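**Student:** Okay, here's the structure, questions in a sec.
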Amino acid sequence: MKVLIIIPAYNEAQNIEKTVKDVKENTNYDYIVINDCSKDNTKEVCEKNNFNMLSLPINYGLTSGIQLGMKYAYQNGYDIAIQFDGDGQHQAKYLKDLVSKIENDNIDIAIGSRYVTEKKPVTSRMLGSRLITAIIKLTTFRTIKDPTSGMRAYNKKAILEFNCNASLTPEPDTIVYMIKKGLKVEEVQVEMKDREFGESYLNPIKSIKYMVNMLLSIIFIRAITRKNK
67 MKVLIIIPAY NEAQNIEKTV KDVKENTNYD YIVINDCSKD NTKEVCEKNN
117 FNMLSLPINY GLTSGIQLGM KYAYQNGYDI AIQFDGDGQH QAKYLKDLVS
167 KIENDNIDIA IGSRYVTEKK PVTSRMLGSR LITAIIKLTT FRTIKDPTSG
217 MRAYNKKAIL EFNCNASLTP EPDTIVYMIK KGLKVEEVQV EMKDREFGES
267 YLNPIKSIKY MVNMLLSIIF IRAITRKNK
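Each residue of the sequence shown is one higher than the last, beginning at 67 in the numbering used here.
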């Protein structure tokens with residue numbers, strides 16, 4: 067089974083070295099860092115450590131970074147591609163569980179979820195996640211407990227979908243799209259750490275805009291997707 071870990075990175079100079087080290091120490095999978103034209107010295111850190119890296123000429127955003135990684139996976143014949151954040155919050159020791167889920171349970175997409183066996187906290191921060199879970203269940207009749215998780219493993223069928231549809235994103239609306247297309251999606255319990263350095267791109271205002279856009283996308287775009295014949 068040929069596996070590629072896609073690590074999108076934007077201004078992660080303080081985190082990327084530790085992230086790649088974690089991947090190397092805990093898996094024997096290939097990896098590729100997608101440097102999204104970082105303004106800090108992320109690129110220099112990767113070059114200094116001889117990390118496998120593709121560097122974009124301008125800042126295209128997370129979606130383009132994942133799309134590029136998926137094209138790389140498709141063109142190089144990988145069986146599984148894993149989305150893995152470059153900010154140090156994900157833990158590579160769980161990636162084998164995601165791969166095993168796909169290999170052994172005939173699953174197309176395995177999501178690293180914080181809430182399979184653990185209860186989702188009742189906080190204002192989790193309100194958005196709960197809303198997205200509810201809308202996904204309403205539109206697909208499937209319960210995805212951690213829809214915003216950025217740790218996801220995709221098999222060849224899902225990789226092909228990314229390569230055939232440039233509108234797909236590394237966000238919850240794509241999970242809805244995949245389910246509507248007939249792909250099997252399951253969650254695997256993982257733990258995630260707090261970001262040690264840097265800040266999330268989602269401030270309160272951006273978080274609200276993200277939620278509105280995501281809900282609209284799920285309801286009015288992804289929900290009408292038809293299953294492959």
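Quick reminder that beta carbons are idealized off the backbone N, C-alpha and C, glycines included. All values derive from a computational prediction rather than experimental measurement.
Using the Cα positions of TYR97 and SER273, report the straight-line distance between them to the nearest angstrom.
**Tutor:** 29 Å
**Student:** Label ALA200 either buried or exposed according to how many other C-beta atoms from any shown protein chain fall within 10 Å of its C-beta, with 16 as the threshold for buried.
**Tutor:** Its Cβ having fewer than 16 others within 10 Å, ALA200 is exposed.
**Student:** Reducing DSSP to helix, strand and coil, say where GLN280 ends up.
**Tutor:** A quick correction: the sequence has Met, not Gln, at residue 280. Here MET280 sits in helix by DSSP.
**Student:** Do GLU237 and the ligand NAD come close, with the Cβ less than 7 Å from some heavy atom?
**Tutor:** In terms of ligand content, the structure shown is empty, and the ligand NAD therefore cannot be addressed.
**Student:** Would ASN118 count as contacting chain D if we go by Cβ distances under 8 Å?
**Tutor:** Absent here is chain D; the protein component of the structure consists of one chain.
**Student:** Assign ARG292 to one of three DSSP states: helix, strand, or coil.
**Tutor:** ARG292: coil per DSSP, three-state reduction.
**Student:** Out of ALA79, LYS250, PHE207, LYS275, state which residue places its alpha-carbon closest to the alpha-carbon of GLU169.
**Tutor:** Minimum Cα distance to GLU169 is reached at LYS250.
**Student:** For the pair the stretch 102 to 112 and the stretch 70 to 87, tell me if three or more CB-CB distances fall below 8 Å.
**Tutor:** In this structure the stretch 102 to 112 touches the stretch 70 to 87; the number of beta carbon pairs closer than 8 Å is three or more.
**Student:** Please go through the same chain and pick out, in chain order, the residues whose beta-carbon is closer than 6 Å to the beta-carbon of LYS203, but skip the five residues on each side of it.
**Tutor:** THR209
**Student:** Do the stretch 160 to 168 and the stretch 190 to 200 meet, that is, are 3 or more Cβ pairs less than 8 Å apart?
**Tutor:** no
**Student:** Between which two residues does the beta strand (DSSP E) containing GLN149 stretch?
**Tutor:** 146 to 149
**Student:** Is ASP96 helix, strand or coil by DSSP?
**Tutor:** ASP96 falls in the strand class under three-state DSSP.
**Student:** Can you grab the Cα-Cα spacing for the pair GLN149 / MET217, in whole Å?
**Tutor:** 5 Å
**Student:** What would DSSP say about PRO74, mapped onto helix, strand or coil?
**Tutor:** Note: PRO74 maps to strand in three-state DSSP.
**Student:** Could you give the DSSP three-state label for GLU252: helix, strand or coil?
**Tutor:** strand
**Student:** At what residue ranges does the stretch 140 to 212 contain a whole run of the beta strand (DSSP E), taking only runs of 3 or more?
**Tutor:** The beta strand (DSSP E) runs lying completely inside the stretch 140 to 212 and spanning 3 residues or more are 146 to 149, 175 to 179, given in chain order.
**Student:** Do you know how far the Cα of TYR95 is from the Cα of ASP102?
**Tutor:** 22 Å
**Student:** Got a sec? Which residues, its chain only, sit under 6 Å from VAL256 by beta carbon, not counting five neighbours each side?
**Tutor:** TYR160, GLY178
**Student:** Which of the three DSSP states, helix, strand or coil, is assigned to ALA219?
**Tutor:** strand
**Student:** By Cβ distance, which residues of its chain are closer than 6 Å to PHE207, with the 5 residues on each side in sequence left out?
**Tutor:** none
**Student:** Under the DSSP definition of a beta bridge, which residues are partnered with LEU120?
**Tutor:** ILE100
**Student:** Leaving out five residues before and five after TYR243 in sequence, what residues of the same chain have Cβ atoms less than 7 Å from its Cβ?
**Tutor:** LEU234, ARG288, THR291
**Student:** Going by DSSP, which residues form a beta bridge with VAL69?
**Tutor:** ILE146
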